[in-house]
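Protein chains in written order, with the working numbering: chain F, 578 to 948; chain L, 578 to 948; chain Y, 578 to 948; chain S, 578 to 948.
Quick notes on the structure that follows.
Number of protein chains: 4
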Amino acid sequence: MTFTLGIEFKLHVFGESHGECIGVVIEGCPPGLLVDINQIQQDLDKRKPGGSPLVSARSERDKLRILSGIFEERATGGPITLSIENLDVDSSSYAKTRYIPRPGHADFTAAIKYKEFNDHRGSGFFSGRMTAAFVMAGGVAKQLLNNHGIKVFVHVIQIGTTKTKKKITVHDIEENVYENVVRSADIGTISSMESEIVKAKEDGDSVGGIVECRITGIPVGLGEPIFDSVESVLSHSMFSIPGVKGIEFGSGFAGSRRRGSENNDSPIIVDGKIEWSKNDAGGILGGITNGAPVIFRIAFKPTATISKKQSTVDLRKMQETTIEAKGRHDPCIVPRAVPVVEALAAITIVDLLMRNTFISHKGNGGSRSAR
Amino acid sequence: MTFTLGIEFKLHVFGESHGECIGVVIEGCPPGLLVDINQIQQDLDKRKPGGSPLVSARSERDKLRILSGIFEERATGGPITLSIENLDVDSSSYAKTRYIPRPGHADFTAAIKYKEFNDHRGSGFFSGRMTAAFVMAGGVAKQLLNNHGIKVFVHVIQIGTTKTKKKITVHDIEENVYENVVRSADIGTISSMESEIVKAKEDGDSVGGIVECRITGIPVGLGEPIFDSVESVLSHSMFSIPGVKGIEFGSGFAGSRRRGSENNDSPIIVDGKIEWSKNDAGGILGGITNGAPVIFRIAFKPTATISKKQSTVDLRKMQETTIEAKGRHDPCIVPRAVPVVEALAAITIVDLLMRNTFISHKGNGGSRSAR
Amino acid sequence: MTFTLGIEFKLHVFGESHGECIGVVIEGCPPGLLVDINQIQQDLDKRKPGGSPLVSARSERDKLRILSGIFEERATGGPITLSIENLDVDSSSYAKTRYIPRPGHADFTAAIKYKEFNDHRGSGFFSGRMTAAFVMAGGVAKQLLNNHGIKVFVHVIQIGTTKTKKKITVHDIEENVYENVVRSADIGTISSMESEIVKAKEDGDSVGGIVECRITGIPVGLGEPIFDSVESVLSHSMFSIPGVKGIEFGSGFAGSRRRGSENNDSPIIVDGKIEWSKNDAGGILGGITNGAPVIFRIAFKPTATISKKQSTVDLRKMQETTIEAKGRHDPCIVPRAVPVVEALAAITIVDLLMRNTFISHKGNGGSRSAR
Amino acid sequence: MTFTLGIEFKLHVFGESHGECIGVVIEGCPPGLLVDINQIQQDLDKRKPGGSPLVSARSERDKLRILSGIFEERATGGPITLSIENLDVDSSSYAKTRYIPRPGHADFTAAIKYKEFNDHRGSGFFSGRMTAAFVMAGGVAKQLLNNHGIKVFVHVIQIGTTKTKKKITVHDIEENVYENVVRSADIGTISSMESEIVKAKEDGDSVGGIVECRITGIPVGLGEPIFDSVESVLSHSMFSIPGVKGIEFGSGFAGSRRRGSENNDSPIIVDGKIEWSKNDAGGILGGITNGAPVIFRIAFKPTATISKKQSTVDLRKMQETTIEAKGRHDPCIVPRAVPVVEALAAITIVDLLMRNTFISHKGNGGSRSAR
């Protein structure tokens, strides 16, 4: 796997930032799924550049094209191929970075690993634009999850040093996130988050941040021991997003400072069903979902590309030099990452859901869901 | 993949805590590797229970057995199968947890996912004892890495609320970690870490902690875009260790609060070779190693099993009850996790190393290493 | 995959002919399957050497050992590990073949591919003894199939130039195959098949033959387009048996000489259900089962190892020489292959059955069997 | 795997016969490969319908489009995506076959497995047109093989009951195959093969045939024991071609009637190198290439779709009926299969070649080719 993700519900992504298109082949979608193309287009629009002063000036329509797998509006059972074209391509600023890597950027490793053959324009397949492929596939995954009553909620909880203050409900996320440019569910912190980004931009600099994801309606029993715990597969997916450098589930790093009596969640019985006293486990015990919402947070480093002067090297001449990056870049990618995290979380949960079903040992020809 | 890890260098683990044995089949080891069995036995001994008052009282010899794949002391190219027997088995305390899950533990999810068929004794294949399989396979992986000049250093940097204070060098790790029971490289913090564990134990409670891993001598170019970044595959591996709830690479969560100009590392030229001004990237750019040491930290939650009374449910009667866990458990698994993290890191890096080699496009029949 | 077969129901085989043991790890067995160990032991006994003058004189008890995955007689959902020990090991005759390959044998390719590291004793992992691992795993698979009403029937239809004459029913196979040493379902051809083998043995030579497999009770819809057709996956499995050099489904090579109007099978309606006018398709249309029995035949070459003098080369001296093979070999492996074909067919069908089940697109949490 | 083939050099095919396009994503092509697009277009042209009275009247330009992975005429190391559009689409004749399956055709199994969601037009992804995707990917594979001195030769050796008579050399294949419409290398049999097809067509019927493939220049050591023998992976690939019902390697079915002393090939020394006395093994011993050309033959059943009246069933009404198939079909697909077999053989050998390379156990950072 490299351009492929998933075991049962599989993605194969292709394309480059300044090539013909960005696309994805989805294998494993059950035949008969009604695929709402408008819904997927809306998800793409949420990720699209050019929408606010806080993001890249690149202007792309990102119009969804269906290349295969959908017939009479439904999944056929064959591979679903979706793509968007690259239209607003300006490769002029990249001639330089081909040999003079931007600090903190994949320029260096791409040039070594793929030599002169790497399509360096717009960072080729190392571009953040590749995440549009995740969003397209995530659109299909979300429609599957929806049919199973599972929902994914994502919001920004930190931009630079500004954090959300109030306790956020899923209702807050649903109502507020896509109503503001920083994708915060806490209305009170929007303006200070926005100003962190604006100030960084004015300084020719960038900022990082933290995104939180909550997945509700999830059945007990998803996740596979030993090596495909929910944490393993979700983290594997999330670190595929450029700029992610950390992830924690439930109480995470804070929990490592606690005692067991404080950190353990107790099962309780509510209306004859098992629920949990609290959710420090992030909905996962022994790598397997326990029925509580799956909760994780991911840390994004500040965007590597900045216009401030930085020291670097010229790989041809093998001498030190400086660079002031040009091109159209986001001073903070965290808000645009929100629909991407949502998509990858949905894709990963669908895969776990499909892996959790197997034929009965009793010969009834059916399947056995964990609950 | 569930009991299988890796693409080129693959592990298939098997066994249960109170079954016949714990074992691992390793596929993909190059023929000819000299396998030093004593070295692997020493690694197993470092993970073994029964060695100090801080760990489980279970007493196991954990004597390594070779079932296949080694001939005249070298790898044959076939699957290498290694195992240890389970000898000191006492399943008496587990009859209860079969239906009365310990809070924070896999008891609950295992009972739902695998129903009454789960081998609940000693937590079956959810047991931390399964990590002995990682250590055995890691022993083989480390011998391969050693031949490539790559080394893995792991140490405990936090137990409960006690952190290491001084800046740790790899020399400190090499010298100190296995000389003290808490696996700290900072001699000054050993006693307070130890007392955190002892106090928790006295209280019938447990503590968590943080482990850091550094991998040196790593070539530029390991890691596969898009979905098998170094971060993706290492986190996938690390979350296979029971109790891990967070991971961060380089500056990680702290980096998310910074600006790009501060967080970016600049390449510099030292003696005609590229090095790095600092290492906030944790040795990884665009998901691919940049030649600097790979650095990550993982957060362990406090051990779920404690002898303090906790509320839980009886799954048969579907009513609330309490539990005071018996059995032989570690008040803190963090020190014993050190050789496990070391093993899994080695296994994962070997896999990336083997994936990085491909036939030439020019027909010389050879391979192309990234550098 | 190399020592691994299957996608959902997976085998990982290990061991060598003269090493410690031969074993298999089975991943994907549904928890709760009642595993009848005696049944598997009986299957092993059918494959065992030493049973008749027609087969190798090696005498092995082949006593089944369970290393993991079975608890209270049922599958736990974890990996099932089964093994047999190698007891009657005599490696003396192999010192020679390490450098002087037997014509027609893997000696040559093993020595080149694995160099001096290959465990050449008894042909190491190239030994036919590895097929005992298939039989062990097949025993588990057959118990699963049995619960789904699927049965596998295998019989020898040709030894050397002697073919079965009468039309064979599955009843003939069930009644006769394991009642005679050549594994023929046609009682009238047993003695001439037997004499083909005896004569070859007397001449220090060997013979080949053909085995037919029929799988009944199979549902419509197994097999995955495009690359995992039933023919693709069954042939992939069957060519894993040493000595297999050809396979054909339904009318096979004979069908290639026909016209479509003759070769096509027509669906008919019998008691309100679809059946087929005849079965030249071998139960497979478009790579997918059509409900008729799956039928295929596989061609075995004559055993490579013979005691007659043959010309070969000495790989160390790089000069031509001759060899008269010693050791305990079968003059015809075809009869002993019968339980092996049965096992691999069962394993492959179980895998296809498990792959055919997926979550509903409608959210009912269940699965969708093809019929 | 279903729409995916390969381990290191991977294909993901997509599209439908009457959908937007047919395409393929290729993962694993080494960066730097010079990709000659004209060469691939020529291969596509050899498979294209509409070229002779013997083949389907569907007229498609099959103009190759590059969607990703090629930059400055060379492979980038990212996924290479190639496609052709479907232009001459006429779905009118398929409304009927949606519920009234053609005997011998995937119509029936597709309708059961994928229910009403199957894109039945032109047989959707069950169409022979999908093999254009193999040809596109094969074009890339052949350029890689070419750089390694490996060549693939394919020719028709039987159409219906007409077989080639003379002993064919690779020179004959190279010179003659694409110079005649039946793809025979034996000029003397062209006209009788052609007349078999013409007569079948006149009768509203179809014929089958046999194709032979020879792969030269192949190194010793390709193929992976136990489950990925050269025979296993090549047969897996070949049965992905619609209509293939049998395969044999070397002496194949004929060899099963022989004695070992006759069938075994002896190694000999020619100019200080090992060659083989003859090639009944088809270049494969113990599942691994022995340096002799890999040789196999595949049997194609007669085309299922014929215009003669045949009995079948109406799946909606569940009653028997008859069908006289309309539409544009090949009376014999065997000649058009030649470039498809060539492509899949090339793809499979490249994959084996890439799998045969691994890092040294000695730490030289390089690879170890088997020879």
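Even glycine gets a Cβ: it sits at the ideal position worked out from N, Cα and C.
Which residue from the options puts its Cα closest to that of residue i?
i: isoleucine 875 of chain Y; options: Y:Ser814, Y:Glu597, Y:Gly646 and Y:Ala710; result: Y:Ser814
i: proline 844 of chain Y; options: S:Val890, S:Ala914, S:His589 and S:Gly699; result: S:Val890
i: alanine 714 of chain F; options: F:Lys692, F:Gln619 and F:Ser636; result: F:Gln619
i: threonine 934 of chain Y; options: Y:Asn840, Y:Leu610, Y:Glu801 and Y:Val821; result: Y:Glu801
i: glutamate 650 of chain L; options: L:Asp639, L:Glu752 and L:Leu611; result: L:Leu611
i: threonine 739 of chain L; options: L:Leu930, L:Gly765 and L:Asn757; result: L:Gly765
i: lysine 886 of chain Y; options: Y:Gln896, Y:Thr925, Y:Asn840 and Y:Asp782; result: Y:Asp782
i: lysine 778 of chain L; options: L:Arg642, L:Thr880 and L:Ala710; result: L:Thr880
i: valine 590 of chain Y; options: L:Arg635, L:Ile657 and L:Lys640; result: L:Ile657
i: leucine 659 of chain L; options: L:Asp613, L:Trp853, L:Gly863 and L:Cys790; result: L:Asp613
i: glycine 726 of chain Y; options: Y:Glu771, Y:Pro870 and Y:Thr741; result: Y:Pro870
i: glutamate 789 of chain L; options: L:Leu588, L:Gly827 and L:Met770; result: L:Gly827
i: arginine 905 of chain F; options: F:Glu662, F:Thr579 and F:Tyr671; result: F:Tyr671
Span of the beta strand (DSSP E) holding residue i?
i: histidine 813 of chain S; result: Segment 807-815 is the alpha helix (DSSP H) holding histidine 813 of chain S; no beta strand (DSSP E) there.
i: glutamate 751 of chain F; result: Looking at the DSSP string, glutamate 751 of chain F is not in any beta strand (DSSP E); the run it does join, the alpha helix (DSSP H), is 747-753.
i: leucine 644 of chain L; result: 642-645
i: isoleucine 878 of chain L; result: The residue you asked about is not isoleucine; residue 878 of chain L is lysine in the sequence shown. Premise fails: lysine 878 of chain L is in no beta strand (DSSP E) and is neither H nor E.
i: threonine 898 of chain Y; result: 896-900
i: threonine 889 of chain L; result: 887-891
i: valine 1036 of chain Y; result: Here chain Y covers residues 578 to 948 and nothing more, so residue 1036 of chain Y does not appear.
i: glycine 737 of chain L; result: Here glycine 737 of chain L belongs to no beta strand (DSSP E), and DSSP marks it neither H nor E.
i: isoleucine 792 of chain L; result: 786-793
i: leucine 799 of chain Y; result: From DSSP, leucine 799 of chain Y is part of no beta strand (DSSP E); its letter is neither H nor E.
Residue range of the alpha helix (DSSP H) that residue i falls in?
i: phenylalanine 711 of chain L; result: 708-724
i: isoleucine 689 of chain F; result: 684-690
i: threonine 925 of chain L; result: 911-932
i: glutamate 779 of chain Y; result: 767-779
i: threonine 674 of chain Y; result: 671-674
Roughly how far, in whole angstroms, is the beta-carbon of residue i from the beta-carbon of residue j, given that I think they are within contact range, below 8 Å?
i: isoleucine 795 of chain L; j: isoleucine 824 of chain F; result: About 22 Å separates the two Cβ atoms, so there is no contact after all.
i: glycine 786 of chain S; j: glutamine 735 of chain S; result: 5 Å
i: leucine 921 of chain Y; j: serine 838 of chain Y; result: Incorrect: roughly 35 Å between the Cβ atoms, too far for contact.
i: aspartate 842 of chain S; j: alanine 831 of chain S; result: Between alanine 831 of chain S and aspartate 842 of chain S the Cβ distance is about 14 Å, and since that is not below 8 Å, they are no contact.
i: phenylalanine 784 of chain Y; j: proline 680 of chain Y; result: The sequence as given places valine at residue 784 of chain Y; phenylalanine does not occur at that position. The Cβ separation is near 16 Å, so there is no contact.
i: glycine 654 of chain Y; j: phenylalanine 694 of chain L; result: 6 Å
i: glycine 798 of chain F; j: isoleucine 865 of chain F; result: 6 Å
i: arginine 760 of chain Y; j: isoleucine 599 of chain Y; result: Between isoleucine 599 of chain Y and arginine 760 of chain Y the Cβ distance is about 22 Å, and since that is not below 8 Å, they are no contact.
i: threonine 793 of chain Y; j: lysine 728 of chain Y; result: 5 Å
i: leucine 930 of chain S; j: phenylalanine 873 of chain S; result: Rounded, the Cβ-Cβ distance is 17 Å, inconsistent with contact.
i: glycine 863 of chain S; j: threonine 686 of chain Y; result: 5 Å
Counting only C-beta atoms, is residue i closer than 7 Å to chain C at any point?
i: threonine 579 of chain Y; result: Given the protein chain composition of this structure (F, L, Y and S), no chain C is represented.
*What are the start and end residues of each continuous beta strand (DSSP E) run of 3 or more residues lying completely inside the stretch 614-668 of chain S, in chain order?*
642-645 and 657-662
*Looking at C-beta atoms only, is the number of pairs between the stretch 589-605 of chain F and the stretch 691-711 of chain F that lie closer than 8 Å three or more?*
yes
_alpha helix (DSSP H) runs contained entirely in the stretch 803-872 of chain Y, provided each spans 4 or more residues_ = 807-815, 829-832 and 837-840
*asked:* Below 8 Å, how does it come out for the stretch 661-680 of chain L and the stretch 603-618 of chain L: are there three or more Cβ pairs, yes or no?
replied: no
*Is the number of C-beta pairs between the stretch 744-753 of chain F and the stretch 802-813 of chain F that are closer than 8 Å three or more?*
no
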